[in-house]
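**Q**
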Amino acid sequence: MNLQAIAAIYGFEMNRTRRTLGQSVVSPVLSTSLYFVVFGSAIGPRMAEVGGVAYGAFIVPGLMMLTLLTQSISNAAFAIYFPRFTGTIYELLSAPVSPFEIVAGYVGAAATKSTVLGLIILATASLFVPLEIRHPFWVLGFLVLTAVTFSLFGFIIGIWADGFERLQLIPMLVITPLTFLGGTFYSLDMLPPVWRTVTLFNPVVYLVSGFRWSFFGHSDVRVEVSFAMTLAFLAVCLVTVRWMFRTGYRLKS
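Okay, so the sequence shown: first residue is 1 according to full-length UniProt numbering, each after it adds one.
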């Protein structure tokens, strides 16, 4: 394994984040803070508790997951698409670097950014609503696992996209709506039985539910199912990335 190659790619991506700190960190934190101000501080005290948890605290895992998914995808997608757009991907493909090392460098950097951002948002949320985390190790575990999984998904989108418009197509039109409809602002118990059944086909429900369990000790879906669904999606992403490198799918276009 070429650790120097992984470190070089990882370091380059992390340096790019430092150069664009306002866009990479400040902007998502401010956007999420607005949700806490509106739903946590303004509306939250006027709403009943959800599962014995104050509404302002209840939405924290969902909002963190919303930011984590979108940022993981966008960071990894742009990181691999830009070399394809500028043509520098040929230098990477001709270097003595294996596909695993390329993926490890780009996905590792994207997952690191998203994890750090998630922790910053968690600290920010504690300024607006009282939080008590029952399973801190599970919080970190779900945070890292989700960041890695959706960074891989973003890497796939970055290879699939043939223009900047496509980079935002799936995150904006698919991931964000699924997250909003996946229990970010409500419990599935609030839904009518029919819609509750329909919502269970939304994969983001399992991510939000498992993450919420790590905070409060209860969730809409069993934590074992949530964890298994996350691992299954990770496996699908790994298989897809391997197929893309084996076939050279759009890597040289």
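Yeah, the Cβ is synthetic: ideal placement off N, Cα and C, and Gly gets one too.
According to the Cβ coordinates, are Val139 and Ala54 closer than 8 Å?
**A** Here residue 139 refers to the residue found at position 139 of the sequence shown. Here residue 54 refers to the residue found at position 54 of the sequence shown. Taking 8 Å as the Cβ cut-off, Val139 and Ala54 do not qualify as a contacting pair.
**Q** Measuring straight from C-alpha to C-alpha, what distance separates Ala8 and Ala95?
**A** Looking up residue 8 in the sequence shown gives position 8. Looking up residue 95 in the sequence shown gives position 95. About 12 Å.
**Q** Hey, quick one: how far does the alpha helix (DSSP H) through Arg18 stretch, first residue to last?
**A** Taking the first residue of the sequence shown as position 1, residue 18 is located at position 18. Unbroken alpha helix (DSSP H) run through Arg18: 3-19.
**Q** Pick out whichever of Met14, Val241, Val29, Leu178 has its Cα sitting closest to the Cα of Gly158.
**A** Your numbering for residue 158 matches position 158 in the sequence shown. Closest option to Gly158, Cα to Cα, is Val241.
**Q** Below 8 Å between beta carbons: does that hold for Val204 and Leu178?
**A** Indexing the sequence shown from 1 puts residue 204 at position 204. Indexing the sequence shown from 1 puts residue 178 at position 178. Their beta carbons are under 8 Å apart, which means Val204 touches Leu178 by this criterion.
**Q** So, is Trp243 buried or exposed, given that buried needs 16 or more other C-beta atoms within 10 angstroms?
**A** Taking the sequence shown and counting its residues from 1, the one referred to as residue 243 is at position 243. Label assigned to Trp243: exposed.
**Q** So Val236 and Leu117 are supposed to be a Cβ contact under 8 Å. How far apart are they, rounded?
**A** The residue you call residue 236 lines up with position 236 of the sequence shown. The residue you call residue 117 lines up with position 117 of the sequence shown. Actually they do not touch by this definition, with Cβ atoms about 24 Å apart.
**Q** From this set, Phe201, Leu188, Thr247, Leu231, which residue's C-alpha is nearest Val50's C-alpha?
**A** The residue you call residue 50 lines up with position 50 of the sequence shown. Considering only alpha carbons, the answer is Leu188.
**Q** With a threshold of 6 Å on Cβ separation, who are the neighbours of Ala161 within its own chain once the five nearest residues in sequence on each side are excluded?
**A** Here residue 161 refers to the residue found at position 161 of the sequence shown. These residues qualify, in order along the chain: Tyr81, Leu167.
**Q** Return the chain-ordered ranges of every alpha helix (DSSP H) run that is complete within the segment 142-196 and spans a minimum of 4 residues.
**A** With a minimum length of 4 residues, the continuous alpha helix (DSSP H) runs that stay inside the segment 142-196 are 164-170, 176-180.
**Q** The alpha helix (DSSP H) spanning Phe233 covers which residue range?
**A** Taking the sequence shown and counting its residues from 1, one reaches residue 233 at position 233. Segment 223-247, the alpha helix (DSSP H) holding Phe233.
**Q** According to DSSP, Val50 sits in a beta bridge with which residue or residues?
**A** Looking up residue 50 in the sequence shown gives position 50. DSSP lists Val53 as partners of Val50.
**Q** Please tell me whether Arg134 and Gly217 are closer than 8 Å, where the distance is taken between their beta carbons.
**A** Position 134 of the sequence shown, counting from 1, holds the residue named residue 134. Position 217 of the sequence shown, counting from 1, holds the residue named residue 217. Yes, the Cβ-Cβ distance between Arg134 and Gly217 is below 8 Å.
**Q** Does the CB of Val139 have a neighbour CB from chain D at under 8 Å?
**A** In summary, chain D is missing from the structure at hand, where a single protein chain is found.
**Q** What does a CB cutoff of less than 7 Å around Ser214 pick up in its chain, not counting 5 residues either side in sequence?
**A** Within the sequence shown, numbered from 1, the residue matching residue 214 stands at position 214. Closer than 7 Å at the Cβ level, and outside the excluded window around Ser214, lie His135, Trp138, Val139, Phe142.
**Q** How long is the line joining the alpha carbons of Met172 and Gly182, rounded to whole angstroms?
**A** As a first step, residue 172 must be located in the sequence shown, where it is residue number 172. As a first step, residue 182 must be located in the sequence shown, where it is residue number 182. Rounded to whole angstroms, Met172 to Gly182 spans 15 Å at the Cα level.
**Q** Just the Cα atoms here: how many angstroms apart are Arg196 and Thr146?
**A** Taking the sequence shown and counting its residues from 1, the one referred to as residue 196 is at position 196. Taking the sequence shown and counting its residues from 1, the one referred to as residue 146 is at position 146. For Arg196 and Thr146, the distance between alpha carbons rounds to 24 Å.
**Q** By a C-beta neighbour count over all protein chains shown, 10 Å radius and 16 as the cutoff for buried, is Pro28 buried or exposed?
**A** Residue 28 sits at position 28 when you count from the first residue of the sequence shown. The residue in question, Pro28, is buried, as its Cβ has 16 or more Cβ neighbours within 10 Å.
**Q** Taking the straight line between their C-alpha atoms, what separation do you get for Ala76 and Gly56?
**A** Counting from 1 along the sequence shown, the entry for residue 76 is found at position 76. Counting from 1 along the sequence shown, the entry for residue 56 is found at position 56. Going by the C-alpha atoms only, they are around 31 Å apart.
**Q** In chain order, what residues of the same chain have a beta carbon less than 6 Å from the beta carbon of Val60, not counting five sequence neighbours either side?
**A** Residue numbering aside, residue 60 sits at position 60 when the sequence shown is read from its first letter. Excluding positions up to five away in sequence, the list reads Ala125.
**Q** Just the C-alpha distance for Thr88 and Thr149, rounded to the nearest angstrom, thanks.
**A** As a first step, residue 88 must be located in the sequence shown, where it is residue number 88. As a first step, residue 149 must be located in the sequence shown, where it is residue number 149. If I take the Cα positions, the gap works out to 26 Å.
**Q** Might you give, ordered along the chain, the residues of its own chain that have their beta carbon closer than 7 Å to the beta carbon of Thr70, omitting 5 neighbours on each side?
**A** By 1-based counting over the sequence shown, the position of residue 70 is 70. Only Pro171, Ile175, Thr176 meet the Cβ criterion.
**Q** Here's a check: name, in chain order, each residue in its chain whose Cβ is nearer than 8 Å to the Cβ of Thr184, leaving out the five neighbours to either side.
**A** Here residue 184 is taken as the residue at index 184 of the sequence shown, counted from 1. Closer than 8 Å at Cβ, skipping near neighbours: Ile59, Gly62, Leu63, Met65, Leu66, Val208.
**Q** Where does Leu131 sit, in a helix, a strand or coil, going by DSSP?
**A** Within the sequence shown, numbered from 1, the residue matching residue 131 stands at position 131. In the structure shown, Leu131 sits in coil (DSSP, three-state: anything other than H, G, I, E or B).
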